[in-house]
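Enquirer: 92 is the number that numbering that gives the first Met the number 0 gives to position 93 of the sequence shown; each next residue is one higher, with no gaps.
Mind looking over this structure? Questions follow.
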Amino acid sequence: MKNRGIRLQSIFFLTILLIAGCNTSDGVDKTSLLSLIKTTDPPPLTAKSDPNEENTVRKIKEEVLSNEKIYDAAIIKGKSDVLVAYKVKHLHRFRMKQIEGEVKKRLENEFENENFTISSDFKIFLEAIKLQKKSEQENLSEEEIDRQLKKIIKLSKEQT
Numbered sequence: 000m001k002n003r004g005i006r007l008q009s010i011f012f013l014t015i016l017l018i019a020g021c022n023t024s025d026g027v028d029k030t031s032l033l034s035l036i037k038t039t040d041p042p043p044l045t046a047k048s049d050p051n052e053e054n055t056v057r058k059i060k061e062e063v064l065s066n067e068k069i070y071d072a073a074i075i076k077g078k079s080d081v082l083v084a085y086k087v088k089h090l091h092r093f094r095m096k097q098i099e100g101e102v103k104k105r106l107e108n109e110f111e112n113e114n115f116t117i118s119s120d121f122k123i124f125l126e127a128i129k130l131q132k133k134s135e136q137e138n139l140s141e142e143e144i145d146r147q148l149k150k151i152i153k154l155s156k157e158q159t
């Protein structure tokens, strides 16, 4: 009987230890975790701090969000490329390729001089948010933003 009590206490202790050990966050930002569920509405980012560039990026974001199937978008404009990462409402996920085509067509018609990379991949969206936060916190240079943007674009092209 006493042996059984010790066994139960040991199992209970090991279970608590296991649960506590699995509770690490691995340095993941809480906004990144919540961005899957809710709208984060990140501000558009440009490599150049030019008012015309900022206005263009703001218009791009408005154009993307004008699609009723999209509820959040992250826009980053580098020297030669524009990354558009967006999240689609849950009921419209089956038509993601169609939505991507619509967005790309509208943006290319509206902003003919820009080179767009469009992605509905959540990982690309998270990478864009990370770059925006890093840019705000560390005041990154134009070259650094452009270099990080090219990495994200390369990652998005590898996944397709």
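Ideal Cβ placement from N, Cα and C applies to all residues, glycine included.
#1: In this structure, does DSSP put L82 in helix, strand or coil?
#2: In whole angstroms, give me the CA-to-CA distance for D120 and K1.
#3: Ordered along the chain, which non-local residues of its own chain (more than five positions away) have a Cβ less than 7 Å from that of E99?
#4: Mind checking K153: buried by the 16 CB within 10 Å criterion, or exposed?
#5: Can you give me the Cβ contacts of K78 inside the same chain, cut-off strictly under 8 Å, excluding the 5 residues immediately before and after it?
#6: Quick check on the DSSP output: the alpha helix (DSSP H) that includes T55 runs from which residue to which?
#7: Who are the Cβ neighbours of R109 in its own chain at under 7 Å, not counting the five residues just before and after it?
#8: Under three-state DSSP, which class holds L44?
#9: Which residue comes first and which comes last in the alpha helix (DSSP H) that contains D145?
#10: If the criterion is Cβ atoms closer than 9 Å, does the pair A127 and P42 meet it?
#11: I need the DSSP call for S118, collapsed to helix, strand or coil.
#12: The beta strand (DSSP E) that contains I76, what's its start and end?
#13: Compute the Euclidean distance between the alpha carbons of A19 and N138, then round it to the nearest angstrom.
#14: Measuring only the C-alpha atoms, how far is I59 from Q136?
#15: With a cut-off of 8 Å on the beta carbons, I'd call Q147 and L130 a contact; round off their distance for me.
Expert: Looking at the coordinates:
#1: Here residue 82 refers to the residue found at position 83 of the sequence shown. Three-state result, L82: strand.
#2: What you label residue 120 is simply residue 121 of the sequence shown in a count that begins at 1. What you label residue 1 is simply residue 2 of the sequence shown in a count that begins at 1. In a straight line, the C-alpha of D120 is about 56 Å away from that of K1.
#3: The residue you call residue 99 lines up with position 100 of the sequence shown. Closer than 7 Å at Cβ, skipping near neighbours: I117 and S119.
#4: Working through the sequence shown from its first residue, we reach residue 153 at position 154. Flag for K153 reads exposed.
#5: Here residue 78 corresponds to residue number 79 of the sequence shown, with the count starting at 1. Hits under 8 Å: A46, K47, E141 and D145.
#6: Numbered from its first residue, the sequence shown carries residue 55 at position 56. From DSSP, the alpha helix (DSSP H) with T55 extends over P50 to L64.
#7: Residue mapping note: residue 109 aligns to position 110 of the sequence shown, counting from 1. Going by the sequence as given, residue 109 is Glu instead of Arg. Same-chain partners within the cutoff: E62.
#8: Taking the sequence shown and counting its residues from 1, the one referred to as residue 44 is at position 45. Looking at L44 - three-state DSSP - the assignment turns out to be strand.
#9: The count along the sequence shown starts at 1 and reaches residue 145 at position 146. Looking at the DSSP string, the run of the alpha helix (DSSP H) that includes D145 is E141 to Q158.
#10: Your numbering for residue 127 matches position 128 in the sequence shown. Your numbering for residue 42 matches position 43 in the sequence shown. No.
#11: Translated into positions along the sequence shown, residue 118 becomes position 119. Three-state result, S118: strand.
#12: By 1-based counting over the sequence shown, the position of residue 76 is 77. Correcting the residue type first, residue 76 is Lys in the shown sequence and not Ile. First-last of the beta strand (DSSP E) with K76: I69 to K76.
#13: Numbered from its first residue, the sequence shown carries residue 19 at position 20. Numbered from its first residue, the sequence shown carries residue 138 at position 139. Approximately 37 Å, taken between the alpha carbons.
#14: Along the sequence shown, read from residue 1 onward, the residue named residue 59 stands at position 60. Along the sequence shown, read from residue 1 onward, the residue named residue 136 stands at position 137. Each residue's Cα considered, the two are about 24 Å apart.
#15: Mapped onto the sequence shown, residue 147 falls at position 148. Mapped onto the sequence shown, residue 130 falls at position 131. With 8 Å as the limit, Q147 and L130 qualify as a contact, their Cβ atoms being about 5 Å apart.
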